[in-house]
Amino acid sequence: MSEKLDLLDGVEIEEITIEGQTVSFPMRFYDQTCISANFPAPTSKLKEILPSKNLNPVEVMPGTGIVSFMAFEHKKADNITPYNEFGTFIPVVYQKDGEAQAYPGLYSLSMPVNTEIARYGGVRIYGYPKIVTEVNFIDMGDMLGCNVWHDGKDIITLKVKKLETQKQSSEIFHITLKDETLIRTQVRFQGLIGASRDPDGATYELGNHELSRMIRSTDVGEKPLEYSYMPKLKSLLYKPGQFLEK
Numbered sequence: 142m143s144e145k146l147d148l149l150d151g152v153e154i155e156e157i158t159i160e161g162q163t164v165s166f167p168m169r170f171y172d173q174t175c176i177s178a179n180f181p182a183p184t185s186k187l188k189e190i191l192p193s194k195n196l197n198p199v200e201v202m203p204g205t206g207i208v209s210f211m212a213f214e215h216k217k218a219d220n221i222t223p224y225n226e227f228g229t230f231i232p233v234v235y236q237k238d239g240e241a242q243a244y245p246g247l248y249s250l251s252m253p254v255n256t257e258i259a260r261y262g263g264v265r266i267y268g269y270p271k272i273v274t275e276v277n278f279i280d281m282g283d284m285l286g287c288n289v290w291h292d293g294k295d296i297i298t299l300k301v302k303k304l305e306t307q308k309q310s311s312e313i314f315h316i317t318l319k320d321e322t323l324i325r326t327q328v329r330f331q332g333l334i335g336a337s338r339d340p341d342g343a344t345y346e347l348g349n350h351e352l353s354r355m356i357r358s359t360d361v362g363e364k365p366l367e368y369s370y371m372p373k374l375k376s377l378l379y380k381p382g383q384f385l386e387k
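Okay, so the sequence shown: first residue is 142 according to this note's numbering, each after it adds one.
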């Protein structure tokens, strides 16, 4: 896709009935801010938490995989009020034993959101592991942070240094678990993106919530492998695409 083309121009909208409700795909997000950071974690620990032996953690070196944090402020989107979310992912490759075909993606480990409608749609359609919490962005001048808490307990706070950006496009695939089936869904982004491997450019702090304990169980490291600052994005969230055997 040419960088000169707007991601949302000419998108064909398909209406599908899911569980008695008509939903338009792809879902269009017109204005977003995102911060993200990848941290190292032992592959053995990540395998323990993944729901399928067919999901293999992506390794940056033998024995070391990745835990990825992504915080989104969705300011304008199709048919849904603005909301914030914080995703914790494990980059994986889905591959069955003895088969050559492999499918990369980000396995969704947890995804707190701050509105019920965002939780409901994400769970019912995709199987995203969403719960309703407080998710607030914090502008600290040269840094942007996101704090998540629930029932008076901190879950996680992520902070990244702001970076110079340039217009870029990217594509990822989310992998979720719904009704004992793995679902792989395409997401496309376009906007102002800056990335860095500065080991002091991103920090996180875990709280005492059960989601914090789950993340902590991966033995995730403290220094980032890479982080991104994305102050202005547009994106497309497609309908559930591939249904993979668990």
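The beta-carbon is built from N, C-alpha and C at its ideal position, and this holds for glycine as well.
Assess, as a yes-or-no matter, whether the stretch 205-217 is touched by the stretch 153-167 under the definition of 3 or more beta carbon pairs within less than 8 Å. no
Near Ile157, which residues of its chain fall below 7 Å by C-beta distance, leaving aside the five closest residues on each side in sequence? Val164, Phe166, Lys380
Roughly how many whole angstroms lie between the Cα atoms of Glu321 and Glu305? 42 Å
Val199 versus Met281 - alpha carbon distance: 33 Å
One question on the structure: do Tyr224 and Thr256 come within less than 9 Å of each other, judged by their Cβ atoms? yes
Need the endpoints of the alpha helix (DSSP H) that Ser353 sits in, please. 351-357
Would Lys387 and Asn195 qualify as a contact pair, given that the criterion is a beta-carbon distance under 9 Å? yes
Endpoints, beta strand (DSSP E) assigned at Ile154: Careful: Ile154 lies outside any beta strand (DSSP E) and carries neither H nor E.
Could you name the residues of the same chain whose beta carbon sits closer than 7 Å to that of Leu187, not counting the 5 residues immediately before and after it, in chain order? Pro198, Gly206, Ile231, Thr359
Taking Leu333 as the reference, give the member of His315, Pro340, Lys375 with the closest Cα. Lys375
Between His315 and Gly246, is the Cβ-Cβ spacing less than 9 Å? yes
Does Ser143 come out as helix, strand or coil in the three-state DSSP assignment? Because Ser143 carries a pLDDT of 42, less than 50, the predicted location of this residue cannot be relied on, and the following value inherits that uncertainty. Three-state result, Ser143: coil.
Sequence-distant residues of the same chain with beta carbon closer than 6 Å to Asn349, five excluded per side: Lys294
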